[in-house]
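Just so it is clear: in the sequence shown, position 30 is 34 by the numbering used here, and no numbers are missing.
Notes follow the structure.
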Amino acid sequence: MGGYRYSFLDEQGSVGATLLLHSENDESARDLASELLSRSQFSLVEVRRGPSIIFQIRQEEASGHREMILERH
C-alpha cells in the first residue's frame, strides 16, 4: 500500500483540491483518480507518489475510457 497525492486542477491549471490517499498499487490509484475526477467539476487530476508524477487524467478520459496522458517517469 502506498501514499498518493491527488491534485485536482481547473481549466486554467490552478489546483482546486488536493487529497492524500492510500492505494494498493498504481492501477488502483488510477482507477480511484478516474472515479473521483468523473464526479468532480475539475478538468484534470494529477497523481504523484513522492515527488514523481505517476499519471494525469483529463475529465473527458475519466468519463469515457481511461487513457493515461503520462506514464511513469
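Every residue, glycine too, gets a C-beta built ideally from N, C-alpha and C.
Bear in mind the structure is a predicted one, so any value in this text is a computation, not a measurement.
Please state if the CB of V51 and the CB of Q12 are separated by a distance shorter than 8 Å. As a working note, residue 12 is residue 8 in the sequence shown. As a working note, residue 51 is residue 47 in the sequence shown. Rather than Gln, the amino acid found at residue 12 in this sequence is Phe. Contact flag unset, no.
So is L41 buried or exposed if we call it buried at 16+ other beta carbons inside 10 Å? The residue labelled residue 41 in the question sits at position 37 within the sequence shown. L41 is buried by the Cβ-count criterion.
Considering Cα atoms alone, identify which of A37, E31, G6 is closest to F46. Within the sequence shown, the letter at position 42 stands for residue 46. Among A37, E31, G6, the Cα nearest to that of F46 is on A37.
Near D30, what residues of its chain come up, given a Cβ to Cβ distance below 7 Å and the 5 sequence neighbours on each side ignored? Position 26 of the sequence shown, counted from the start, is the residue given in the question as residue 30. Closer than 7 Å at the Cβ level, and outside the excluded window around D30, lie I58.
What ranges does the beta strand (DSSP E) occupy inside the stretch 25-58, keeping only unbroken runs of at least 3 residues that lie completely in it? As far as the stretch 25-58 is concerned, its whole beta strand (DSSP E) runs of at least 3 residues are 48-53.
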